[in-house]
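In what follows, a single structure is set out as structure tokens and then discussed.
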Amino acid sequence: MRTSRRDNITIRGSKALHLAVLRLTDVSLSIHVGPDGENTWPKKYPFCGGVFQSPIDFHKDILQYDSNLSPLEFIGYNVSSTDHFTLTNNGHSVKMHLSPTMHIRNLPFEYTASQLHLHWGNRNKSEGSEHTVSGKHFAAEFIKYCLLLRAEAQGPAQLLTICSLQIGPFNPSYEKIFRHFRNVKYKDQMVHIPGFNVQELLPDSPDEYYRYEGSLTTPPCYPSVLWTVFRHPVKISQEQASLKTTRVVLIDHVISFLPTSFSHLNERTENTGVIYSEKILTIGFTFQ
5 MRTSRRDNIT IRGSKALHLA VLRLTDVSLS IHVGPDGENT WPKKYPFCGG VFQSPIDFHK
65 DILQYDSNLS PLEFIGYNVS STDHFTLTNN GHSVKMHLSP TMHIRNLPFE YTASQLHLHW
125 GNRNKSEGSE HTVSGKHFAA EFIKYCLLLR AEAQGPAQLL TICSLQIGPF NPSYEKIFRH
185 FRNVKYKDQM VHIPGFNVQE LLPDSPDEYY RYEGSLTTPP CYPSVLWTVF RHPVKISQEQ
245 ASLKTTRVVL IDHVISFLPT SFSHLNERTE NTGVIYSEKI LTIGFTFQ
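Spelled out as structure tokens, the structure:
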């Protein structure tokens, strides 16, 4: 039986940055998914039929408290407005390139920043998140992605952090990205946007998160990801969550497809569970 941190899924936050991708769910069937959707993936990509696949549903039956988890520290996230980020549209995604000097302390391994992307629901359903909590979808997901810094390290090759987005009041921090989408409406368009404190995009309690070892959610579905999913969502307005406000034309539906099926933890290992942190009265802070 495989032994890993995957056996204990956690609640606490972790992040990574570099590219930003906008994925949509209201797309036509693509070569990638075939007529039967993601059920056909294992035929060409064997890992997609494995037992450590993502996304998953976080529910009380699999949550376990892990006192070894530490609060995350976000280093290099406050970028001066005199610097800039770059948004690009490559035809299947909108990318926001960020500095690899951004990193997170108190992770089990050292990672370098790589990418940031967003998942939206379709025009008729505000259910854009891949992971769910007690079966509940969120309007969108904000994902940060990074790579293991040292090849000799024996940890998951990729670190992905998820911040769920919920409909609520207007969010000025997210608007620092959204308002520039109109300038990358078509393929190969690019725009520079002023630097800002990327930590503003996180929930108010980033020390509370779920963690588990899983996989990429689309082919090739490699089981090489350390997932950290923030326990509390961030709120954005209905207008901000609307696809109409993005004004982005994505022509490659292979990458923009958002899978809808979930992997069941009890089919993976006997001891798999989600570890969550709780606030405790001690030096420093853990989670809840």
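FYI, in the working numbering the residues of the sequence shown are 5 to 292.
Every residue gets a Cβ at the ideal spot worked out from N, C-alpha and C, and that includes glycine.
All of these numbers come straight from a predicted model, not from anything done at the bench.
- Query: In the structure shown, what three-state DSSP assignment does A245 receive?
  - Reply: For the purposes of this step, residue 245 is taken as the residue at position 241 of the sequence shown. Helix.
- Message: Count Cβ pairs between the region 220–227 and the region 51–64 that sit closer than 8 Å; are there 3 or more?
- Response: yes
- How is the beta strand (DSSP E) around L112 delimited, first residue to last? Within the sequence shown, the letter at position 108 stands for residue 112. Sequence check: residue 112 is Pro here, not Leu. Taken as a continuous stretch (DSSP letters only), P112 belongs to no beta strand (DSSP E), as it is neither H nor E.
- Message: Just to confirm, is the Cβ distance from F174 to S241 under 7 Å?
- Response: Translated into positions along the sequence shown, residue 174 becomes position 170. Translated into positions along the sequence shown, residue 241 becomes position 237. Result yes, Cβ atoms of F174 and S241 sit closer than 7 Å.
- Can you have a look at N43 and say buried or exposed, based on whether 16 or more other CB atoms are within 10 angstroms of its CB? Start at 1 with the first residue of the sequence shown, and residue 43 comes out as number 39. Looking at its Cβ environment, which holds fewer than 16 other Cβ atoms inside 10 Å, N43 is exposed.
- Message: Please state whether the Cβ-Cβ distance between P198 and H88 is less than 7 Å.
- Response: As a first step, residue 198 must be located in the sequence shown, where it is residue number 194. As a first step, residue 88 must be located in the sequence shown, where it is residue number 84. Yes, they are a contact pair.
- Bridge partners - T90, DSSP secondary structure assignment: If you number the sequence shown from 1, residue 90 lands on position 86. DSSP lists H101 and H196 as partners of T90.
- Span of the alpha helix (DSSP H), counted from its first residue to its last, around E179: For the purposes of this step, residue 179 is identified with residue 175 of the sequence shown, where counting begins at 1. The continuous alpha helix (DSSP H) containing E179 extends over residues P176 to F182.
- Query: Would a C-beta distance cut-off of 7 Å place V233 and I171 closer than the cut-off?
  - Reply: The residue labelled residue 233 in the question sits at position 229 within the sequence shown. The residue labelled residue 171 in the question sits at position 167 within the sequence shown. No, they are not a contact pair.
- Item | Straight-line Cα distance separating T116 from Y81 | To locate residue 81, count along the sequence shown from 1; it is residue 77. To locate residue 116, count along the sequence shown from 1; it is residue 112. Their Cα atoms are separated by approximately 13 Å.
- Can you tell me whether H141 is buried or exposed, with buried defined as 16 or more other CB within 10 angstroms of its CB? On the sequence shown, position 137 is the one that residue 141 refers to. H141 should be labelled buried.
- DSSP-derived helix/strand/coil call for E217: Residue 217 sits at position 213 when you count from the first residue of the sequence shown. Strand at E217.
- Query: Quick one: what's got a C-beta closer than 7 Å to T105's C-beta in the same chain, skipping five residues either side?
  - Reply: Taking the sequence shown and counting its residues from 1, one reaches residue 105 at position 101. Taken in chain order, the residues that qualify are G80.
- Message: Using only the alpha-carbon positions, how far apart do Y178 and L205 sit?
- Response: Here residue 178 refers to the residue found at position 174 when the sequence shown is read from its first residue. Here residue 205 refers to the residue found at position 201 when the sequence shown is read from its first residue. Approximately 6 Å, taken between the alpha carbons.
- Buried or exposed for Y216, please, with buried defined as at least 16 other CB atoms from any protein chain shown within 10 angstroms of its CB. Start at 1 with the first residue of the sequence shown, and residue 216 comes out as number 212. Buried, since its Cβ has 16 or more Cβ neighbours within 10 Å.
- Item | Buried or exposed by the 16-neighbour rule on C-beta atoms within 10 Å, applied to M100 | In the sequence shown, counting from the first residue as 1, residue 100 sits at position 96. Counting Cβ neighbours within 10 Å, M100 comes out buried, since at least 16 surround it.
- Query: Is it true that the CB of K191 sits closer than 7 Å to the CB of N93?
  - Reply: On the sequence shown, residue 93 is found 89 positions in, with the first residue counted as 1. On the sequence shown, residue 191 is found 187 positions in, with the first residue counted as 1. Yes, they are a contact pair.
- Item | V98 to A245 span [Cα, whole Å] | Mapped onto the sequence shown, residue 98 falls at position 94. Mapped onto the sequence shown, residue 245 falls at position 241. Roughly 15 Å separates the two Cα atoms.
- Task: Using a threshold of 7 Å, state whether the C-beta atoms of V195 and L91 are closer than that.
- Result: Counted from its first residue, the sequence shown places residue 195 at position 191. Counted from its first residue, the sequence shown places residue 91 at position 87. Contact: yes.
- When you compare only the Cα positions, how much space is there between P160 and E114? Sequence index remark: in the sequence shown, residue 160 carries index 156 (1-based). Sequence index remark: in the sequence shown, residue 114 carries index 110 (1-based). Looking at the two C-alpha atoms, the distance is approximately 10 Å.
- Message: Based on DSSP bridge pairs, tell me the residues matched to T44.
- Response: Along the sequence shown, one-based indexing puts residue 44 at 40. Looking at the DSSP assignment, T44 forms no beta bridge with any residue, so it has no partner.
- Item | Sub-7 Å separation of G139 and D211 beta-carbons | As a working mapping, residue 139 is identified with position 135 in the sequence shown. As a working mapping, residue 211 is identified with position 207 in the sequence shown. Not a contact, by the Cβ cut-off of 7 Å.
- Can you check DSSP and say which residues form a bridge with F1? Lying outside 5 to 292, the shown extent of the chain, residue 1 is not represented and no answer is given.
- Message: Going by DSSP, what residue range makes up the beta strand (DSSP E) through L67?
- Response: Counting from 1 along the sequence shown, the entry for residue 67 is found at position 63. Where L67 is concerned, the enclosing beta strand (DSSP E) stretches over L67 to Y69.
- Mark P59 as exposed unless 16 or more other C-beta atoms lie within 10 angstroms of its C-beta, in which case mark it buried. As a working note, residue 59 is residue 55 in the sequence shown. Result: buried.
- Span of the beta strand (DSSP E) holding E212? Within the sequence shown, residue 212 is the residue found at index 208, counting from 1. Note, E212: premise wrong, no beta strand (DSSP E); not H, not E.
- Item | Secondary structure of V202, DSSP reduced to three states | Along the sequence shown, one-based indexing puts residue 202 at 198. Reduced to three states, the DSSP call for V202 is helix.
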